[in-house]
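What follows is a single structure, written as structure tokens, with notes after it.
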Amino acid sequence: MAVEADRHALKLHRPGDTWQRAWRFLLAFAALLFVAQSLIVVQARPQDLVTGVGGMADFLRRSLPPDFSQIGTYIWPTFETVDIAFFGTFAGVLLALPLAVLAAENVAPSRVIYLAARGIISFCRAVHELVWALLFVTAVGLGPFPGGLALAVHSVGMLGRLFAEQIETMDMGPIDALTLTGASRLQVFTHGVVPSVLPALLGISLYRLDENIRSSLVLGFVGAGGIGFHLLTAMNLFQYRQVSTLLIVTFVLVIAAERASAILRAKLA
Amino acid sequence: MLEIRNLAMRYRTGKLALAGVSLRVAPGELVVVLGSNGSGKSTLLRCIARILTPTAGEAWVGGEDFAKLEGEKLRRARMVLAMIFQQANLVKRRSVIANVATGALGRHDDWRTALGRIPPEEIEPALRCLAAVGLEELAEQRASTLSGGQAQRVAVARALAQKPRALLADEPVASLDPEAAEDMMRLLRQLATDDGLAVLCVLHQPELAQRYADRIVGIKSGILAFDLPAAEVPQDAIQRLYLSEAA
Numbered sequence: 000m001a002v003e004a005d006r007h008a009l010k011l012h013r014p015g016d017t018w019q020r021a022w023r024f025l026l027a028f029a030a031l032l033f034v035a036q037s038l039i040v041v042q043a044r045p046q047d048l049v050t051g052v053g054g055m056a057d058f059l060r061r062s063l064p065p066d067f068s069q070i071g072t073y074i075w076p077t078f079e080t081v082d083i084a085f086f087g088t089f090a091g092v093l094l095a096l097p098l099a100v101l102a103a104e105n106v107a108p109s110r111v112i113y114l115a116a117r118g119i120i121s122f123c124r125a126v127h128e129l130v131w132a133l134l135f136v137t138a139v140g141l142g143p144f145p146g147g148l149a150l151a152v153h154s155v156g157m158l159g160r161l162f163a164e165q166i167e168t169m170d171m172g173p174i175d176a177l178t179l180t181g182a183s184r185l186q187v188f189t190h191g192v193v194p195s196v197l198p199a200l201l202g203i204s205l206y207r208l209d210e211n212i213r214s215s216l217v218l219g220f221v222g223a224g225g226i227g228f229h230l231l232t233a234m235n236l237f238q239y240r241q242v243s244t245l246l247i248v249t250f251v252l253v254i255a256a257e258r259a260s261a262i263l264r265a266k267l268a
Numbered sequence: 000m001l002e003i004r005n006l007a008m009r010y011r012t013g014k015l016a017l018a019g020v021s022l023r024v025a026p027g028e029l030v031v032v033l034g035s036n037g038s039g040k041s042t043l044l045r046c047i048a049r050i051l052t053p054t055a056g057e058a059w060v061g062g063e064d065f066a067k068l069e070g071e072k073l074r075r076a077r078m079v080l081a082m083i084f085q086q087a088n089l090v091k092r093r094s095v096i097a098n099v100a101t102g103a104l105g106r107h108d109d110w111r112t113a114l115g116r117i118p119p120e121e122i123e124p125a126l127r128c129l130a131a132v133g134l135e136e137l138a139e140q141r142a143s144t145l146s147g148g149q150a151q152r153v154a155v156a157r158a159l160a161q162k163p164r165a166l167l168a169d170e171p172v173a174s175l176d177p178e179a180a181e182d183m184m185r186l187l188r189q190l191a192t193d194d195g196l197a198v199l200c201v202l203h204q205p206e207l208a209q210r211y212a213d214r215i216v217g218i219k220s221g222i223l224a225f226d227l228p229a230a231e232v233p234q235d236a237i238q239r240l241y242l243s244e245a246a
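Read top to bottom, the protein sequences are chains A and B.
For the first sequence, numbering that gives the first Met the number 0 gives the first residue as 0, with consecutive numbering after it.
For the second sequence, numbering that gives the first Met the number 0 gives the first residue as 0, with consecutive numbering after it.
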């Protein structure tokens with residue numbers, strides 16, 4: 000039946016067919032050109048992958064077995080990495096909540112405030128967390144604090160948009176009904192909006208925490224503390240057996256965070 | 000108790016949805032509004048409750064002209080006028096009793112309720128409101144677990160927690176099965192008769208209107224077509240409400 004209908008439709012569109020074909024051919028050609036120019040720009044040399052195998056093997060040989068003798072010195076950086084993520088997520092949620100309320104079209108007090116809040120959120124998101132970390136390292140010096148600040152600001156950008164979307168898509172019926180009982184604006188918000196969206200917001204925040212732990216591992220590369228900093232140092236000193244140990248720590252940490260966040264989110268639903 | 004004088008509403012699009020409607024609902028009276036889709040009957044209720052702002056006329060409820068109130072004054076006045084809708088509009092993630100008690104929030108405007116607390120002294124009265132709709136045994140359940148008919152009765156209980164003197168009902172049985180619809184109409188009838196509420200109810204079922212209402216008001220094209228005791232409404236007057244303009 001469906002095929003019959005398709006054939007029928009094709010017959011009806013006969014006059015446009017030639018144009019459509021030409022158009023499709025042009026599109027395909029343009030796509031090919033795009034791929035080709037990207038190959039040139041990134042200086043893709045597949046043969047290097049083959050000759051590079053030797054280098055990789057050498058790296059692997061030198062990084063095995065992992066050297067666990069220094070594991071004690073990695074405990075503190077691990078805490079730092081996790082706490083940078085905690086701090087960043089917590090501060091991000093605190094800042095994103097009020098911003099999201101102002102940036103949700105259905106509850107924003109005025110158009111100007113709405114646009115301003117949207118702008119702030121977009122700006123926080125548009126700048127990558129590594130760039131934020133570089134800026135904060137310049138401002139407050141090396142260490143975990145600039146890392147926490149960087150994650151907080153970037154989280155405001157990510158969470159603010161998702162929170163606002165949650166508020167915008169919620170059922171307005173209960174909100175209107177509460178308003179009509181004579182409840183104040185604030186009461187309507189805390190008794191109507193908050194209970195309706197809170198579980199979703201918590202789930203989003205937990206997911207963010209999981210992402211932030213992964214990001215905080217990398218933040219050390221730009222001097223913002225944690226395991227990343229030690230990873231970079233070990234690489235620079237060619238201590239590959241330390242590098243492999245740190246990669247194992249990273250792997251365990253990321254998987255643990257992912258699992259914990261998933262279990263907690265499942266409990267919320 | 001509820002008195003509307005020459006209420007008119009013209010939408011921004013230029014459509015005149017209400018062209019000067021006047022009617023009275025006395026305490027203890029259940030008045031049903033009938034009319035076809037787009038006749039202006041929902042607009043009427045929305046103008047009284049000030050979901051919409053009428054362009055002219057007066058809507059007196061409990062000694063206040065709702066059509067003229069704004070801001071904080073309007074919020075305070077709203078306590079005396081309760082409204083229920085086609086949907087129950089409960090906060091689904093909260094318990095039934097919390098939903099009912101939120102009807103009383105207007106009387107407790109302080110920082111603790113602003114932070115999301117239910118006033119503890121409102122729990123007992125809320126339970127009585129639930130008992131009035133026959134659902135006190137569901138108090139602790141989440142609102143999301145209720146059937147459509149139960150949820151609608153909880154919405155009525157929340158309205159009662161306001162301690163209103165008038166109740167507006169906008170197609171309260173439209174999403175209920177016939178049995179639940181009968182229950183709801185009996186409940187509205189009882190609230191008028193026993194508690195002395197002035198009830199103004201928009202319906203789509205002339206048959207329900209004739210069995211439960213004291214008076215029936217017919218609206219067509221934003222104009223009052225008739226306003227008669229339920230027993231005296233001629234059948235053809237009701238049928239004319241649903242005929243299109245051209246016919």
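Glycine is no exception: its CB is placed at the ideal position from the N, C-alpha and C atoms.
Report task. Quick one: residues in its chain with C-beta nearer than 7 Å to the C-beta of A97(B), no 5 flanking neighbours on either side, listed in chain order? Result -> Residue mapping note: residue 97(B) aligns to position 98 of the second sequence, counting from 1. Within the same chain, A97(B) has close Cβ partners I117.
Query raised in the report: Which residue's Cα is closest to the Cα of M171(A): L161(A), V155(A), F188(A)?
Result: By 1-based counting over the first sequence, the position of residue 171(A) is 172. For M171(A), the nearest C-alpha among the options comes from F188(A).
Report task. Return the CA-CA distance between D82(A) and C46(B), expressed in angstroms with no decimal places. Result -> Locating residue 82(A) in the first sequence gives position 83, counting from the first residue. Locating residue 46(B) in the second sequence gives position 47, counting from the first residue. Between the alpha carbons of D82(A) and C46(B) lies a distance of about 54 Å.
Query raised in the report: Among residues of its own chain, excluding the 5 on either side of G102(B), which ones have a beta-carbon nearer than 8 Å to its beta-carbon?
Result: Taking the first residue of the second sequence as 1, we reach residue 102(B) at position 103. Excluding residues within five positions, the ones whose Cβ falls inside 8 Å are A81, A125, C128, A156, R157, A158, L159, A160, Q161.
**Report entry** Residues in the region 31-65 of chain B having any Cβ partner in chain A nearer than 8 Å
**Finding:** Against chain A - using a Cβ distance shorter than 8 Å - the residues of the region 31-65 of chain B are A48, I50.
Query raised in the report: Does the region 111-121 of chain A come close enough to the region 60-77 of chain A to have 3 or more Cβ pairs within less than 8 Å?
Result: no
Requested in this report: Mind checking the region 213-227 of chain A against chain B and listing, in chain order, the residues whose C-beta falls within less than 9 Å of any C-beta there?
Outcome: none
**Report entry** Under 8 Å from the C-beta of G102(B): neighbouring residues of chain A
**Finding:** For the purposes of this step, residue 102(B) is identified with residue 103 of the second sequence, where counting begins at 1. Under the 8 Å cutoff, chain A gives T180.
**Report entry** Residues of the region 152-167 of chain A whose Cβ lies closer than 8 Å to any Cβ of chain B, in chain order
**Finding:** none
Query raised in the report: On the three-pair Cβ rule with 8 Å, is the region 210-229 of chain A touching the region 150-158 of chain A?
Result: yes
Query raised in the report: Should M78(B) be flagged as near chain C, meaning a C-beta pair shorter than 7 Å?
Result: Annotation note: the requested chain C is absent from the structure, which comprises protein chains A and B.
Query raised in the report: Counting pairs of beta carbons, one from the region 67-84 of chain B and one from the region 179-196 of chain A, are three or more of them closer than 8 Å?
Result: With a cut-off of 8 Å, the region 179-196 of chain A and the region 67-84 of chain B count as touching, because enough Cβ pairs lie within range.
Query raised in the report: Near R75(B), which residues of its chain fall below 8 Å by C-beta distance, leaving aside the five closest residues on each side in sequence?
Result: In the second sequence, residue 75(B) corresponds to position 76, counting from 1. Answer for R75(B): G105, listed in chain order.
Report task. Please classify M0(A): is it buried, with 16 or more other beta-carbons within 10 angstroms of its beta-carbon, or exposed? Result -> Walking along the first sequence from the start, residue 0(A) turns up at place 1. Residue confidence is low: M0(A) scores 47 on pLDDT, short of 50, so the model does not pin down where it sits. Its coordinate-derived value is still stated next. Classification for M0(A): exposed.
Requested in this report: May I ask you to list the residues that DSSP assigns as paired with F228(B)?
Outcome: For the purposes of this step, residue 228(B) is taken as residue 229 along the second sequence, with counting starting at 1. The sequence given here places Pro at residue 228(B); Phe does not occur at that position. P228(B) pairs with R214(B).
Report task. Tell me, to the nearest whole angstrom, how far the beta carbon of G159(A) is from that of C123(A); I am working on the premise that it is less than 8 Å. Result -> Taking the first sequence and counting its residues from 1, the one referred to as residue 159(A) is at position 160. Taking the first sequence and counting its residues from 1, the one referred to as residue 123(A) is at position 124. Contact between G159(A) and C123(A) holds, with the beta-carbon distance rounding to 7 Å and staying under 8 Å.
Report task. For E210(A), collect the residues of the same chain with a Cβ closer than 6 Å to its Cβ; drop the 5 residues on either side in sequence, then sort them by chain order. Result -> Here residue 210(A) is taken as the residue at index 211 of the first sequence, counted from 1. Within the same chain, E210(A) has no close Cβ partners at all.
Requested in this report: Using the DSSP secondary-structure output, state which residues sit across from D18(A) in a beta bridge.
Outcome: Looking up residue 18(A) in the first sequence gives position 19. The residue asked about is misnamed: residue 18(A) is Trp in this sequence, not Asp. Answer is none; W18(A) lacks a bridge partner.
Query raised in the report: So, using beta-carbon positions, are R188(B) and L1(B) closer together than 7 Å?
Result: Position 189 of the second sequence holds residue 188(B). Position 2 of the second sequence holds residue 1(B). Against a cut-off of 7 Å, the Cβ pair of L1(B) and R188(B) comes out as no contact.
Query raised in the report: Over what stretch of residues does the beta strand (DSSP E) that includes L167(B) continue unbroken?
Result: Here residue 167(B) refers to the residue found at position 168 of the second sequence. For L167(B), the uninterrupted beta strand (DSSP E) segment begins and ends at 165-169.
Query raised in the report: Closest by CA to R210(B), which one among V216(B), M184(B), V32(B)?
Result: Against the second sequence, residue 210(B) aligns to sequence position 211. Comparing alpha-carbon positions, the option among V216(B), M184(B), V32(B) lying closest to R210(B) turns out to be M184(B).
Report task. Answer with buried or exposed for W131(A), where buried requires no fewer than 16 other C-beta atoms within 10 angstroms of its C-beta. Result -> The count along the first sequence starts at 1 and reaches residue 131(A) at position 132. W131(A) counts as buried, since no fewer than 16 other beta carbons sit within 10 angstroms of its beta carbon.
Query - Unbroken stretches of the beta strand (DSSP E), 3 residues or longer, contained in the region 44-122 of chain B - result: 55-60, 80-83
Query raised in the report: Along chain A, which residues have their Cβ under 9 Å away from the Cβ of A89(B)?
Result: The residue given as residue 89(B) occupies position 90 in the second sequence. Looking at the sequence shown, residue 89(B) is not Ala but Leu. Per Cβ cutoff of 9 Å: G172, P173, A176.
Query raised in the report: Roughly how many angstroms separate the alpha carbons of Y206(A) and V196(A), rounded to a whole number?
Result: As a position in the first sequence, residue 206(A) is number 207, starting the count at 1. As a position in the first sequence, residue 196(A) is number 197, starting the count at 1. Their Cα atoms are separated by approximately 16 Å.
**Report entry** DSSP state of E139(B) mapped onto helix, strand, coil
**Finding:** Taking the second sequence and counting its residues from 1, one reaches residue 139(B) at position 140. Reduced to three states, the DSSP call for E139(B) is coil.
Query raised in the report: Per DSSP, I212(A) is paired with what?
Result: For this step, residue 212(A) is matched to residue 213 along the first sequence. DSSP lists no partner for I212(A).
Requested in this report: May I have the straight-line CA-CA distance separating V132(B) from K40(B), to the nearest angstrom?
Outcome: Position 133 of the second sequence, counted from the start, is the residue given in the question as residue 132(B). Position 41 of the second sequence, counted from the start, is the residue given in the question as residue 40(B). Roughly 26 Å separates the two Cα atoms.
**Report entry** Separation of V232(B) from G217(B), as counted between CA atoms
**Finding:** As a first step, residue 217(B) must be located in the second sequence, where it is residue number 218. As a first step, residue 232(B) must be located in the second sequence, where it is residue number 233. About 10 Å.
**Report entry** Burial state of R258(A) (16 or more Cβ within 10 Å)
**Finding:** The residue you call residue 258(A) lines up with position 259 of the first sequence. With fewer than 16 other Cβ atoms within 10 Å, it is exposed.
Query raised in the report: In its own chain, which residues sit with a C-beta less than 6 Å from the C-beta of I222(B), not counting the 5 before and 5 after it?
Result: Taking the first residue of the second sequence as position 1, residue 222(B) is located at position 223. Annotation for I222(B): A18 place their beta carbon closer than 6 Å to its own, counting only its chain and skipping 5 residues before and after.
**Report entry** Reduced DSSP category for R23(B) - H, G, I as helix; E, B as strand; rest coil
**Finding:** The count along the second sequence starts at 1 and reaches residue 23(B) at position 24. Looking at R23(B) - three-state DSSP - the assignment turns out to be strand.
Query raised in the report: For the putative contact between L6(B) and P53(B), defined by C-beta atoms under 8 Å, what is the C-beta separation to the nearest angstrom?
Result: Along the second sequence, one-based indexing puts residue 6(B) at 7. Along the second sequence, one-based indexing puts residue 53(B) at 54. With a Cβ gap of about 5 Å, L6(B) and P53(B) count as contacting.
Requested in this report: Could you please give the first and the last residue of the uninterrupted alpha helix (DSSP H) stretch that includes N235(A)?
Outcome: Sequence index remark: in the first sequence, residue 235(A) carries index 236 (1-based). N235(A) -> alpha helix (DSSP H) spans 226-235.
Query raised in the report: Cα-Cα, which of F78(A), Q165(A), P108(A), V100(A) is closest to P143(A)?
Result: The residue you call residue 143(A) lines up with position 144 of the first sequence. Among F78(A), Q165(A), P108(A), V100(A), the Cα nearest to that of P143(A) belongs to F78(A).
Query - Residue environment, W18(A), which counts as buried when at least 16 other CB atoms sit within 10 Å - result: Reading the first sequence from its first residue, position 19 is the one you call residue 18(A). Exposed, because fewer than 16 other Cβ atoms sit within 10 Å of the Cβ of W18(A).
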